[in-house]
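First residue of the sequence shown: 49, per this note's numbering; consecutive thereafter.
Backbone N, C-alpha and C define an ideal beta-carbon position, used for all residues, glycine too.
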Amino acid sequence: MKLYKKLIAAAAVLLLCLLIRKPVPCCVILAVFAAALLAENVITELRLRRQLNSLIQYITRVQDDLSLAAPECAAEGLTGILQSEIYKVIALLREQYSGEKKQKEYMTDMLSDISHQIKTPLTAIQLMTELLEQPELDADTRMDYAEKIDLQVSRITWLIRNLLALSRMEAGVLSMKPEPFPLPELISEIVDSLAVMAELRGVALQTEIPALTLKADRHWFTEALMNIIKNCIEHTDDGGYVRIRAWQNNLFTELTVEDNGCGIKAADLPHIFERFYKAENASAQSVGIGLALAKQVIFAHGGTVEAESREGEGTCFTVRIYRMG
49 MKLYKKLIAA AAVLLLCLLI RKPVPCCVIL AVFAAALLAE NVITELRLRR
99 QLNSLIQYIT RVQDDLSLAA PECAAEGLTG ILQSEIYKVI ALLREQYSGE
149 KKQKEYMTDM LSDISHQIKT PLTAIQLMTE LLEQPELDAD TRMDYAEKID
199 LQVSRITWLI RNLLALSRME AGVLSMKPEP FPLPELISEI VDSLAVMAEL
249 RGVALQTEIP ALTLKADRHW FTEALMNIIK NCIEHTDDGG YVRIRAWQNN
299 LFTELTVEDN GCGIKAADLP HIFERFYKAE NASAQSVGIG LALAKQVIFA
349 HGGTVEAESR EGEGTCFTVR IYRMG
């Protein structure tokens, strides 16, 4: 009961006494008022003590279990503010703890992935090193083994570099540095770098790129698009093609990479952007990193990437980068 309410109650008692023409000493009225005030103070103190005890018990329990849900904040005044702020701090600690736990699990998985992926090339290097120790080997054979060892070392370097980049992107600690650049120039550079690979497989690289400007992190976007185009080349047979197109509107720039290769099975299609996923028709050298890295790079730009495919007919990747500013 508020103070003004107590005063009104005391005035009502006095007025009632006057109406029934019975004198009431002021001390009686004061006594009634004092009793009401004392009773409310006692009740308020008990309520406050109960709320504080409940809060202390929650803080004690939550030290052992941060996932413990906070009770409803029913307190008023300063106690309610204190209760609300404590719950906010605990919620923040819970979020930080959850993030650290996920990060530790992620690092464990990443190290496991790296060790698993480099096991095969390391085994090959060890075997060829032992063969090189044989004194009867001729110079040409030694040179052949040395070149194969160098190839495996390059593969390990590529694996680790891309795994670390993928992990940093998935963890959100690798920031993009977008800047405008001519899109035809970028596509030309990618096509030139993949020309030998395409020629060896008998695949024609076709481009239809108008004079557009794209704002993106040039280095990482090149990496992403190259991985997608390379994937299409690897799954296209002799005599096939990989066609790269682009167009732009006021909202986004869209690129499509289309091939007439073997296509992707319907069961594999939802998983092709997952790390280390290998479809049944994947090459022996494939480790399932390229498309996963491409997806993370595009997502880091606020873009999207999708794949449509029909087995035996080909695949089409669609990349959209939304215009910023």
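Are the stretch 220-229 and the stretch 187-204 in contact at 8 Å, needing three or more beta carbon pairs? no
Would residue 292 and residue 257 be called neighbours here (beta carbons separated by less than 8 Å)? yes
How many Å lie between residue 313 and residue 231 at the Cα? 32 Å
Inter-residue spacing [alpha-carbon to alpha-carbon] between residue 190 and residue 168: 21 Å
Can you give me the C-alpha to C-alpha distance between residue 360 and residue 207, rounded to a whole angstrom? 30 Å
In three-state DSSP terms, what is residue 307? strand
Using 10 angstroms around the beta-carbon of residue 105, count the other beta-carbons present and answer buried if the total reaches 16, otherwise exposed. exposed
Out of curiosity, what's the CA-to-CA distance linking residue 181 and residue 275? 38 Å
Residues bridged to residue 364 (per DSSP): 306, 356
Give the DSSP-derived three-state secondary structure of residue 251 in the structure shown. coil
Element boundaries [beta strand (DSSP E), containing residue 227]: 227-230
Residue nearest to residue 376 in terms of C-alpha spacing, selected from 177, 303, 322: The question about residue 376 has no answer here: the residues shown for the chain are numbered 49 through 373.
Output needed for residue 266: all residues of its chain with C-beta closer than 6 Å, excluding positions within five of it in sequence on either side, in chain order. 229
Alpha-carbon to alpha-carbon, residue 97 and residue 72: Annotation note: pLDDT 48 at residue 72 (below 50); position unreliable, no value reported.
State the DSSP-derived secondary structure class of residue 284, mapped to helix, strand or coil. coil
Please state whether DSSP places residue 193 in a helix, a strand or coil. helix
For residue 366, which of 295, 336, 136 has the nearest alpha-carbon? 295
Measure the C-alpha to C-alpha separation of residue 368 and residue 204 and round it to an integer number of angstroms. 32 Å
How long is the line joining the alpha carbons of residue 370 and residue 300, rounded to whole angstroms? 4 Å
By how many angstroms is the C-alpha of residue 184 removed from the C-alpha of residue 337? 40 Å
Would the beta-carbon of residue 339 fall within 8 Å of that of residue 279? yes
Same chain, Cβ closer than 6 Å to residue 255, neighbours up to 5 away in sequence not counted: 235, 292
Rounded straight-line distance, which links the Cα of residue 107 to that of residue 70: Because residue 70 sits at a pLDDT of 49, beneath the cut-off of 50, its placement in the model cannot be relied upon, and the point is left open.
Just to confirm my understanding: we take residue 309, look at its own chain, exclude 5 residues before and 5 after, and list those with CB closer than 6 Å. What are they? 283, 284, 288, 362
Whole angstroms are fine: how far does the CA of residue 351 sit from the CA of residue 304? 13 Å
Straight-line Cα distance separating residue 307 from residue 247: 15 Å
Between the Cα of residue 250 and the Cα atoms of 242, 259, 286, which residue gives the shortest distance? 286
Where do the ends of the alpha helix (DSSP H) carrying residue 343 lie? 338-348
On a Cα-Cα basis, can you pick out the residue from 356, 143, 302 that is closest to residue 319? 356
What are the residues that DSSP puts in a beta bridge with residue 323? Residue 323 is not bridged to any residue.
Where does residue 323 land, buried or exposed, given buried means 16+ other C-beta within 10 angstroms? buried
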